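Engineer:
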Amino acid sequence: MASQTPSPTADTTSGVDLSFVASILDWLEANIVHIIGAFAVLVIGLLIAGMLSRWAERTLAKHPRFDPTISGFLAKMVKYALWAVVLVTVLSQFGVETASILAALGGMALAVGLALQGTLSNVASGVMILVQRPFVVGEAISVDRFTATVQRIGLFTTELKQFDGLFVMVPNSELWNQPIINLHRHPTRRIELIVGIGYDDSMKQAREVLLALAEQDERALNDPEPQAFVASLDDSSVGVGLRVWCATSDYMQLQWDLTEAAKAKFDEVGLSIPFPQREVTMVPA
2 MASQTPSPTA
12 DTTSGVDLSF
22 VASILDWLEA
32 NIVHIIGAFA
42 VLVIGLLIAG
52 MLSRWAERTL
62 AKHPRFDPTI
72 SGFLAKMVKY
82 ALWAVVLVTV
92 LSQFGVETAS
102 ILAALGGMAL
112 AVGLALQGTL
122 SNVASGVMIL
132 VQRPFVVGEA
142 ISVDRFTATV
152 QRIGLFTTEL
162 KQFDGLFVMV
172 PNSELWNQPI
182 INLHRHPTRR
192 IELIVGIGYD
202 DSMKQAREVL
212 LALAEQDERA
222 LNDPEPQAFV
232 ASLDDSSVGV
242 GLRVWCATSD
252 YMQLQWDLTE
262 AAKAKFDEVG
272 LSIPFPQREV
282 TMVPA
């Protein structure tokens, strides 16, 4: 039987195609400069991207209008953008046509943007809320049908706690696209109390009683000074009003106390608080 001579391009012991290995070595030898350059660009680019990302986060965190959440978000956006630049630069070292890659990535980004239009709207609204600060965590707001305290502001949703203790999660786009009333932004608020008295009672006496109640309470501010006035002439009563300025933290309790004190004082001095009534005249047939 004739003996078989091993092929010069194959290794009979390991089964490895020596021609394939040789082609890899030839490619490495021909592109060693590009490989070293690409590796250097990759390492240096990643280091610079990390440094710039951390610098951007520290810089934005020092600005009073930027929340830590938005600082971290923008810093990550800077890092990812620099990573994309580094990747394109590395590919260009090997002669890869990057224009087609960028066009494909742009098309993918457009498709994803259209698919996630609602989500991206919430993200954009979250960024605007964190930058413009119509409210911050801990403040009470009134928006749409919610009156609650802000618990957390995220990029997608805002978490609220209603005054009755219920948890509410609202998409940021719904908050940003509606008027927002911030109940705690200013240090002082005005209380307006309207009390009805009978038409036979003295309006002057009612105004004096209400002013005295405001002057006796230390929580009522003297600047602006309290005001008492005749507010309305209703069907069954005369509305007498009291306007008092106080600290925002005292608003609710002072309003309750003044309402209770007004009723007690009116009863004491003989001022009536009439209920709705009608006068019926009987006409003989």
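Following the numbering used here, the residues of the sequence shown are numbered contiguously, the last one being 286.
We put the beta carbon where it would ideally sit given N, CA and C, even for glycine.
Keep in mind it's a predicted model, so treat the numbers as computed, not measured.
Span of the beta strand (DSSP E) holding residue 255?
Structural biologist: No beta strand (DSSP E) contains residue 255, which is instead part of the alpha helix (DSSP H) from 252-270.
Engineer: Please return the same chain residues whose Cβ sits closer than 6 angstroms to the Cβ of residue 199, not counting the five positions on each side in sequence.
Structural biologist: So the list reads 273, 275, once near-sequence residues are dropped.
Engineer: In terms of residues, what are the limits of the alpha helix (DSSP H) holding residue 174?
Structural biologist: Where residue 174 is concerned, the enclosing alpha helix (DSSP H) stretches over 173-177.
Engineer: Can you list, in chain order, the residues of its chain with a C-beta nearer than 6 angstroms to that of residue 229? Leave out the 5 residues immediately preceding and following it.
Structural biologist: Excluding sequence neighbours, residue 229 sits near 208, 211, 212, 243.
Engineer: Can you name, in chain order, every residue of its own chain whose Cβ lies under 7 angstroms from the Cβ of residue 197, other than the five neighbours on each side?
Structural biologist: Hits under 7 angstroms: 235, 238, 239, 240, 274, 275.
Engineer: For a minimum of 4 consecutive residues, which ranges assigned as the alpha helix (DSSP H) are wholly contained in the segment 125-185?
Structural biologist: Those alpha helix (DSSP H) runs which fall completely within the segment 125-185 and span 4+ residues are 173-177.
Engineer: Apart from the five residues just before and just after residue 179, which ones in its own chain have a Cβ nearer than 8 angstroms to its Cβ?
Structural biologist: So the qualifying residues of the chain are 144, 145.
Engineer: Note the first and the last residue of the continuous beta strand (DSSP E) segment covering residue 226.
Structural biologist: Where residue 226 is concerned, there is no enclosing beta strand (DSSP E), given that its DSSP letter is neither H nor E.
Engineer: Kindly confirm or deny that the segment 118-136 and the segment 79-94 touch, where touching means at least three C-beta pairs closer than 8 angstroms.
Structural biologist: The answer is no - the segment 79-94 does not touch the segment 118-136, with fewer than three Cβ pairs under 8 angstroms.
Engineer: State buried or exposed for residue 127, treating a residue as buried only when at least 16 other CB atoms are found within 10 Å of its CB.
Structural biologist: Buried, because 16 or more other Cβ atoms sit within 10 Å of the Cβ of residue 127.
Engineer: What are the residues that DSSP puts in a beta bridge with residue 197?
Structural biologist: Note: residue 197 sits in a beta bridge opposite 240.
Engineer: Reducing DSSP to helix, strand and coil, say where residue 245 ends up.
Structural biologist: Note: residue 245 maps to strand in three-state DSSP.
Engineer: Which residue or residues does DSSP assign as beta-bridge partners of residue 234?
Structural biologist: Per DSSP, 239.
Engineer: Can you tell me where the alpha helix (DSSP H) with residue 207 in it begins and where it stops?
Structural biologist: Taken as a continuous stretch (DSSP letters only), the alpha helix (DSSP H) holding residue 207 covers 204-217.
Engineer: Answer with buried or exposed for residue 14, where buried requires no fewer than 16 other C-beta atoms within 10 angstroms of its C-beta.
Structural biologist: At residue 14 the pLDDT is 46, less than 50, meaning the model places this residue with poor confidence; the figure from the coordinates comes in the next sentence. The residue is exposed, with fewer than 16 neighbouring Cβ atoms inside 10 Å.
Engineer: Quick test of your reading: residue 141 and residue 184, contact by CB under 8 angstroms. State the CB separation rounded to the nearest angstrom.
Structural biologist: Right, the Cβ-Cβ distance comes to about 4 angstroms (below 8 angstroms), so this counts as a contact.
Engineer: Do residue 232 and residue 181 have their beta-carbon atoms positioned less than 9 angstroms apart in this structure?
Structural biologist: Contact flag unset, no.
Engineer: Considering only C-alpha positions, which residue in the set 91, 250, 285 is nearest to residue 187?
Structural biologist: Considering only alpha carbons, the answer is 250.
Engineer: Compute the distance between the beta-carbons of residue 148 and residue 139, then report whether it is under 9 angstroms.
Structural biologist: Taking 9 angstroms as the Cβ cut-off, residue 148 and residue 139 do not qualify as a contacting pair.
Engineer: Considering Cα atoms alone, identify which of 48, 44, 107 is closest to residue 91.
Structural biologist: Nearest option by C-alpha distance: 44.
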